[in-house]
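Engineer:
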Amino acid sequence: MSKKILITGGAGFIGSHVVRLFVNNYPNYQIFNLDALTYAGNLENLTDVESSANYTFLKGDITDEDYIKSIFETHQFDNVIHLAAESHVDRSITDPLAFAKTNILGTMILLNAFKNLWQDNWQDKLFYHVSTDEVYGTLGETGLFTESTSYDPNSPYSASKASSDHFVRAYGETYGLPYVISNCSNNYGANQFPEKLIPLFINNIINNKSLPVYGDGKYTRDWLYVLDHAIAIDLVFHKGKNEETYNIGGFNEWQNIDLIKLLCVQMDKKLGRKEGESEKLITYVKDRPGHDLRYAIDASKINKELGWRPSVTFEQGLSKTIDWYLSNIEWMERIVSGAYEDYYQNQYTK
Ligand code: NAD
Ligand code: DAU
721 MSKKILITGG AGFIGSHVVR LFVNNYPNYQ IFNLDALTYA GNLENLTDVE
771 SSANYTFLKG DITDEDYIKS IFETHQFDNV IHLAAESHVD RSITDPLAFA
821 KTNILGTMIL LNAFKNLWQD NWQDKLFYHV STDEVYGTLG ETGLFTESTS
871 YDPNSPYSAS KASSDHFVRA YGETYGLPYV ISNCSNNYGA NQFPEKLIPL
921 FINNIINNKS LPVYGDGKYT RDWLYVLDHA IAIDLVFHKG KNEETYNIGG
971 FNEWQNIDLI KLLCVQMDKK LGRKEGESEK LITYVKDRPG HDLRYAIDAS
1021 KINKELGWRP SVTFEQGLSK TIDWYLSNIE WMERIVSGAY EDYYQNQYTK
């Protein structure tokens, strides 16, 4: 069956993997990638699919209501996979309003355009909202986030994502808009912007720069290889039940400091450095305000209902990720200049 799918944020980290998977696996679908190309959006991530017959790039901002209205009228998208967002917690602490604008208002503008176009005929329509496990707040030493865990966000980023999730549900309840939501744990892999822990530390190790560990380094995250997230999104999109939420996670909890030490060991080997060389770069720095202690996902629902589980171990995924960055040094070098340098100075030297 043919579909016209609008994927938002497709030039970003996760979005680019989702766009590639849909363009390559579904030649009958028309894939429209809408992205504002903020500092996090990079069309270089998609050069391998940019000339595919079923792919169109649209440069635009989800907060620009007139523009969004006009592209829905022109292209009549029957499905939306919404990933566009401001996504970095540290940036949300410095500039919370930017997060409210893109993540809340931008999502509402998309929902509204979708509703206005299809409210008389919802058949075969779907609004898929891609969200985060951070909406659930923080866990203590034990327990897992399930789909029925109450929302309790702590950062401006997670509060804005939580709010957007609520609006998606509200459009479902109020207008009958068909939707699914997935809440995923920390992703890693190729093409991730080097402000997030793993690519930042890979880049710093390559350049012999210090590795800034927040607080005592005992914070815990549940890591998932980005291609496994893209595969989960494909499954939820095609087989997820209307008005349901699916938690997606790696079954893979790591305290930051242990993950960083593993990364250092793998980097030393790949760079031909003496064992223990990279670990010497570890530097404890002031903590992130409101830092969530632990995230861990119970992914048994998507496992049982849709048959999904991660396909690679963390050691394999991390090794592939490092290899990608080492073979794409120019990708990193083009990013780590200009505005990024200002961000870095502001975040780590004040
Ligand atoms: P990213 O920051 O790498 O990419 C975001 C993309 O959205 C960029 O291409 C950017 O240009 C685009 N964008 C930003 N503002 C826009 C606007 N106003 N209009 C149009 N495009 C805009 O983010 P990511 O890590 O790929 O995350 C994608 C989505 O997945 C987000 O919704 C995020 O909340 C969610 N998520 C991320 C993770 C993770 O670990 N990275 C985990 C769970 C959920
Ligand atoms: O859980 C899903 C979320 O994961 C996504 O929704 C977010 O978009 C994504 O950015 C990510 O959020 P985190 O805050 O968990 O990721 P980050 O890579 O920023 O940090 C991971 C952990 O590492 C966290 O405990 C903070 C710590 N950290 C991070 C940086 C950038 C450091 O110790 N030092 C650093 O320099």
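Counting with this note's numbering, you get residues 721 to 1070 for the letters of the sequence shown.
Yeah, the Cβ is synthetic: ideal placement off N, Cα and C, and Gly gets one too.
Is T852 a contact residue of ligand 2, with contact defined as CB to any heavy atom under 7 Å?
Structural biologist: Locating residue 852 in the sequence shown gives position 132, where the first residue counts as 1. If you check the C-beta of T852 against ligand 2, you find a heavy atom less than 7 Å away.
Engineer: Going by C-alpha to C-alpha distance, which of N923, K723, N972 sits closest to D998?
Structural biologist: Here residue 998 refers to the residue found at position 278 of the sequence shown. The sequence given here has Ser at residue 998, not Asp. Closest by alpha carbon: N923.
Engineer: Can you list, in chain order, the residues of its chain whose CB lies under 8 Å from that of L757, leaving out five sequence neighbours each side?
Structural biologist: Counting from one through the sequence shown, the residue named residue 757 turns up at place 37. Correct list, in chain order: A731, L763, K779.
Engineer: Where do the ends of the alpha helix (DSSP H) carrying W1051 lie?
Structural biologist: Counting from one through the sequence shown, the residue named residue 1051 turns up at place 331. Per DSSP, W1051 belongs to the alpha helix (DSSP H) from 1049-1055.
Engineer: How is E1025 classed by DSSP in three states: helix, strand or coil?
Structural biologist: Within the sequence shown, numbered from 1, the residue matching residue 1025 stands at position 305. The answer is helix: DSSP assigns E1025 an H, G or I state.
Engineer: Please classify N906 as buried or exposed, where buried requires at least 16 neighbouring CB atoms within 10 angstroms.
Structural biologist: Taking the first residue of the sequence shown as position 1, residue 906 is located at position 186. Result: buried.
Engineer: Answer yes or no: the CB of K929 versus the heavy atoms of ligand 2, is any distance below 7 Å?
Structural biologist: What you label residue 929 is simply residue 209 of the sequence shown in a count that begins at 1. Flag unset: Cβ of K929 not near ligand 2.
Engineer: Do Q975 and K938 have their C-beta atoms within less than 8 Å of each other?
Structural biologist: Translated into the one-based positions of the sequence shown, residue 975 becomes position 255. Translated into the one-based positions of the sequence shown, residue 938 becomes position 218. Against a cut-off of 8 Å, the Cβ pair of K938 and Q975 comes out as a contact.
Engineer: On a Cα-Cα basis, can you pick out the residue from E1061, W1044, L897, N967 that is closest to L830?
Structural biologist: Indexing the sequence shown from 1 puts residue 830 at position 110. The option with the nearest alpha carbon to L830 is L897.
Engineer: Let me make sure I understand the geometry here. Which of Y856, Y746, L754 has the alpha-carbon closest to that of M721?
Structural biologist: As a working note, residue 721 is residue 1 in the sequence shown. The residue with the shortest Cα to Cα distance from M721 is Y746.
Engineer: Given this structure, state the Cα-to-Cα distance separating R1054 from K789, to the nearest angstrom.
Structural biologist: Reading the sequence shown from its first residue, position 334 is the one you call residue 1054. Reading the sequence shown from its first residue, position 69 is the one you call residue 789. About 34 Å.
Engineer: Is there at least one non-hydrogen atom of ligand 2 closer than 7 Å to the beta-carbon of P932?
Structural biologist: Within the sequence shown, the letter at position 212 stands for residue 932. Yes.
Engineer: Could you spell out where the beta strand (DSSP E) holding E964 opens and where it closes?
Structural biologist: To locate residue 964, count along the sequence shown from 1; it is residue 244. 964-968 is the span of the beta strand (DSSP E), which, as asked, contains E964.
Engineer: Classify H795 as helix, strand or coil using the three-state DSSP reduction.
Structural biologist: Within the sequence shown, numbered from 1, the residue matching residue 795 stands at position 75. Note: H795 maps to helix in three-state DSSP.
Engineer: Going by beta carbon distance, what residues of the same chain come within less than 7 Å of Y856, once the five residues before and after it are set aside?
Structural biologist: Here residue 856 refers to the residue found at position 136 of the sequence shown. Result list for Y856: F865, T869, Y871, D872, in chain order.
Engineer: Below 8 Å CB to CB, which residues in the same chain sit around T894 once its five sequence neighbours on both sides are set aside?
Structural biologist: For the purposes of this step, residue 894 is taken as residue 174 along the sequence shown, with counting starting at 1. The answer is none, since no qualifying residue turns up.
Engineer: For E973, list the residues DSSP reports as bridge partners.
Structural biologist: For the purposes of this step, residue 973 is taken as residue 253 along the sequence shown, with counting starting at 1. Looking at the DSSP assignment, E973 forms a beta bridge with D942.
Engineer: Take the Cβ of L944 as the centre, count every other Cβ of all protein chains shown within 10 Å, and call the residue buried at 16 or more, exposed below.
Structural biologist: On the sequence shown, residue 944 is found 224 positions in, with the first residue counted as 1. So L944 ends up on the buried side.
Engineer: If you measure from the CB of I782, is any heavy atom of ligand 1 nearer than 7 Å?
Structural biologist: Along the sequence shown, read from residue 1 onward, the residue named residue 782 stands at position 62. Result yes, Cβ under 7 Å from ligand 1.
Engineer: With a floor of 4 residues, list each alpha helix (DSSP H) that falls wholly inside the stretch 773-831, ordered by position along the chain.
Structural biologist: Correct list: 785-795, 809-814, 816-819.
Engineer: Is the Cβ-Cβ distance between D942 and G969 less than 8 Å?
Structural biologist: Residue 942 sits at position 222 when you count from the first residue of the sequence shown. Residue 969 sits at position 249 when you count from the first residue of the sequence shown. Against a cut-off of 8 Å, the Cβ pair of G969 and D942 comes out as a contact.
Engineer: I'd like the list of long-range same chain contacts for S883, defined as Cβ closer than 7 Å, with 5 residues on each side in sequence excluded.
Structural biologist: For the purposes of this step, residue 883 is identified with residue 163 of the sequence shown, where counting begins at 1. Result list for S883: I824, in chain order.
Engineer: State yes or no: is the C-beta of Y848 within less than 8 Å of the C-beta of V900?
Structural biologist: As a position in the sequence shown, residue 848 is number 128, starting the count at 1. As a position in the sequence shown, residue 900 is number 180, starting the count at 1. In contact: Y848 and V900 (Cβ atoms closer than 8 Å).
Engineer: State yes or no: is the C-beta of T940 within less than 8 Å of the C-beta of R1008?
Structural biologist: Translated into the one-based positions of the sequence shown, residue 940 becomes position 220. Translated into the one-based positions of the sequence shown, residue 1008 becomes position 288. Going by C-beta atoms, T940 is not nearer than 8 Å to R1008.
Engineer: Thinking G1010 and N874 are a contact (beta carbons under 8 Å), I'd like their distance in whole angstroms, please.
Structural biologist: Here residue 1010 is taken as the residue at index 290 of the sequence shown, counted from 1. Here residue 874 is taken as the residue at index 154 of the sequence shown, counted from 1. Indeed, because the Cβ distance is near 5 Å, the residues count as touching under 8 Å.
Engineer: Is D786 near ligand 1, in the sense that its beta carbon is under 7 Å from a heavy atom of that ligand?
Structural biologist: On the sequence shown, position 66 is the one that residue 786 refers to. Outside the cutoff, so no.
Engineer: Ignoring anything shorter than 4 residues, give me the alpha helix (DSSP H) runs that lie fully in the stretch 855-939, in order along the chain.
Structural biologist: 876-895, 917-926
Engineer: Where K724 and D844 are concerned, what is the direct C-alpha to C-alpha distance, given to the nearest angstrom?
Structural biologist: Taking the sequence shown and counting its residues from 1, the one referred to as residue 724 is at position 4. Taking the sequence shown and counting its residues from 1, the one referred to as residue 844 is at position 124. In a straight line, the C-alpha of K724 is about 11 Å away from that of D844.
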